[in-house]
Structure formats: structure tokens, C-alpha cells
Amino acid sequence: MFDLAIIGGGPAGLTAYLYAARARLNTVLIEKTSPGGQVLITDFVENYPGFPDGISGFELIDTFIAQVKKLGFEPLREEVVRLEDLGLNKKLIFASDKELLAQTVIVASGAKPNTLGIPGEKEFTGRGVSYCATCDGPFFRDQVVAVVGGGNTAVQEALFLTKFVQKVFLIHRRDQLRAQKILQERALGHEKIKPIWNTVVEEILGDDQVKAIKLKNRKTGEESILEVNGVFIFIGITPNSDFVKGLLNLDEWGFIITDNEMRTNIPGIFAAGDVRAKACRQIVTACGDGATAAYIAEHFLAEK
4 MFDLAIIGGG
14 PAGLTAYLYA
24 ARARLNTVLI
34 EKTSPGGQVL
44 ITDFVENYPG
54 FPDGISGFEL
64 IDTFIAQVKK
74 LGFEPLREEV
84 VRLEDLGLNK
94 KLIFASDKEL
104 LAQTVIVASG
114 AKPNTLGIPG
124 EKEFTGRGVS
134 YCATCDGPFF
144 RDQVVAVVGG
154 GNTAVQEALF
164 LTKFVQKVFL
174 IHRRDQLRAQ
184 KILQERALGH
194 EKIKPIWNTV
204 VEEILGDDQV
214 KAIKLKNRKT
224 GEESILEVNG
234 VFIFIGITPN
244 SDFVKGLLNL
254 DEWGFIITDN
264 EMRTNIPGIF
274 AAGDVRAKAC
284 RQIVTACGDG
294 ATAAYIAEHF
304 LAEK
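If you're matching positions, the sequence shown starts at 4 in the working numbering and goes up one per residue.
Now the structure itself:
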């Protein structure tokens, strides 16, 4: 029996572990892959305090892990498929059919990239379609690629791709980007980035590899074919919350609803990070969520 089980090893989960371990709670962190979450596939982080020259996502997570390892951190490599409320205790059920009991739980399971859901996308994933420029960008050296999206991630990844590719077509369904102004200025002023406004991708074309994409202008209805070697898709995220459906209150998109102290509708269960319904999803806010959730969980246990 654990005092606290943390589901997810991204910034929220790792920070929650840090605070819980320092509070001497008997804590386990469950992560099905490598700790780090989405940060591991982030090329460069410029807005995390303490690093005036920026830091790679991989290096930042390394600093997190080095710190929690000093407190005995050893993640449990399992996938949680169901969470049950037993009243005083909570039961975590894993894909391996194993089970675990804890008095409190912090759900910090993060989110995954959205897909376009268009013909060719699934077929060409791994053969020209990607959701991670950091992972796959070097494979497209001196080639032409498209980036789909208009938020911070899309623009950051488009800028990263300019290190390798000949040209980046930045395709956005609206007539202006949603990214931070400083990122917009960099992208729109970059000689390798060409924006295509008011346009959606309707189909991804190719044979063994991506060869082109079919575009449609949302204002004129005009359709066209754009030859590209790769398509990088960054159109938002979907929360990893399937395993708590029917137990925790979710918003219309599946994000977990909490109060300002990370409490869910079930006493003893908290949520933190990108899986939580909130306005701002950044590394620093995920860390704040994790710290708050662990702090409140500690007080919850003390009052039991």
C-alpha cells in the first residue's frame, strides 16, 4: 500500500514526486515509457526559468530526473488502464493485469498529439508523416516539408526544421498564426518558411513515401496539389484520460476538471499537467500543478 501513486512521468509527475518524496510520503510513479513526457520531443525550451540561453527538452528532463533520483526515484514501468475509487483507498489496474493500491492518486498522464483524420495520414505515418520534428527532422535534409498548424508548437517546430530542410510550407486554416508574437516574427521573417493561409490539408499523397498533399482554400474553395517530401502535424492535443472516464469529471474535450488546488470530484484523487482542464499548458505550469497536487495530497493524508 502506497501513500501516493503518481500516474505519468512528465514535468507534472516528476515535480509531484519531488514534493511528495521530500514530505516522506511512500510514493510510486507509474510511467509506461521513459519519464519526460512531451518535453523529450521538444527541441529547445526558451521559457523555463533559470536557463537564460535556453535548454534542450532532453537536457531539461535530465536535470529533473537527476534531482528526483537523489530521493530514491525508480519509476514503475506499467500502463494504467483503469482507476477505481474504493473509498479510503484507490485501485490502479495495469495492462499487465497487475494491481496496486494507494491512499491518494495524482493523475499526470499528459496528452497526445491530435491527428488530421484525413486520407493518407495513417498510411504514411512513419513514411513522411510525423508528429515530432525533433525526432524526424534530420531525415528530411535538403528536402521540402509542410508543417500543419498555427500555434506555438507548430511554429517552433517549423523553425527547428529550417536547420535541415530546403523549405518549410507553414499551412494554417486561418489568416494569422496563434503562436506567441516573438515566434511569429521569427517564422514569418525566415527565408526558408513560406506561410499558406486559410488552407486545410485534405489528403496526403504518395507511393512508398509522401510525395504531395492536396490542399483546399477555405475562402475560395480552390483545390491544389503541393509537392512535399514530409508532413509534420501540430494541431493540438488530446488528453490521456480514457482510464478515468466514468470516474472523474471531464470537460467536453476529455480534460480532467479540478479546482485550483488540483482536487477532482473524488476525494483523494488529484490531477496535474496537460491532462487537466486549464487555460495555459506549459512546462512551468505543469510543474506548478504537480507541486500543488503533492502538497494538497500530503495534507489530505494528514487529515485522514
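Virtual Cβ for every residue (Gly too), placed ideally from N, Cα, C.
Proximity winner among the options, relative to residue i (alpha-carbon distances)
{"i": "Thr261", "options": "Lys94, Ala282, Thr241", "result": "Ala282"}
{"i": "Leu164", "options": "Ala182, Lys195, Ile185, Glu87", "result": "Lys195"}
{"i": "Thr107", "options": "Phe76, Thr30, Phe167, Val234", "result": "Thr30"}
{"i": "Ala8", "options": "Cys290, Glu301, Lys307", "result": "Glu301"}
{"i": "Tyr134", "options": "Gln41, Leu304, Glu188", "result": "Gln41"}
{"i": "Phe142", "options": "Asp100, Gln212, Glu81", "result": "Gln212"}
{"i": "Pro270", "options": "Ile228, Leu304, Gln183, Phe47", "result": "Leu304"}
{"i": "Thr130", "options": "Gln70, Cys290, Val231, Arg85", "result": "Note on residue identity: the sequence assigns Arg, not Thr, to residue 130. For Arg130, the nearest C-alpha among the options comes from Val231."}
{"i": "Ala136", "options": "Thr156, Pro122, Gly123, Ile121", "result": "Thr156"}
Boundaries of the beta strand (DSSP E) in which residue i is found, first to last residue
{"i": "Ala149", "result": "147-151"}
{"i": "Ala215", "result": "213-220"}
{"i": "Pro198", "result": "196-199"}
{"i": "Asp205", "result": "In the sequence as presented, Asp is not what sits at residue 205; that position holds Glu. Residues 202-209."}
{"i": "Phe172", "result": "170-174"}
{"i": "Thr241", "result": "240-242"}
{"i": "Glu226", "result": "226-230"}
Cβ pair residue i, residue j closer than 8 Å
{"i": "Thr202", "j": "Lys219", "result": "yes"}
{"i": "Asn243", "j": "Lys94", "result": "no"}
{"i": "Leu119", "j": "Val150", "result": "no"}
{"i": "Gly140", "j": "Leu180", "result": "no"}
{"i": "Ile299", "j": "Phe258", "result": "no"}
{"i": "Asp245", "j": "Ala280", "result": "no"}
{"i": "Lys125", "j": "Arg80", "result": "no"}
{"i": "Arg144", "j": "Phe167", "result": "yes"}
{"i": "Ile58", "j": "Val48", "result": "yes"}
For residue i, the residue or residues it bridges with in DSSP
{"i": "Leu91", "result": "None, per the DSSP bridge assignment."}
{"i": "Glu126", "result": "Note: Glu126 sits in no beta bridge, so no partner."}
{"i": "Ser133", "result": "Phe235"}
{"i": "Phe273", "result": "Ile109, Arg266"}
{"i": "Ala8", "result": "Val31, Val108"}
{"i": "Phe97", "result": "Val83"}
{"i": "Ala114", "result": "Pro242"}
Terminal residues of the alpha helix (DSSP H) in which residue i lies
{"i": "Phe61", "result": "60-72"}
{"i": "Thr156", "result": "155-164"}
{"i": "Gln179", "result": "No alpha helix (DSSP H) contains Gln179, which DSSP labels as neither H nor E."}
Cβ distance (whole Å) where residue i is taken to contact residue j below 8 Å
{"i": "Asn117", "j": "Gly239", "result": "5 Å"}
{"i": "Pro78", "j": "Leu28", "result": "Pro78 to Leu28, Cβ: 16 Å. No contact."}
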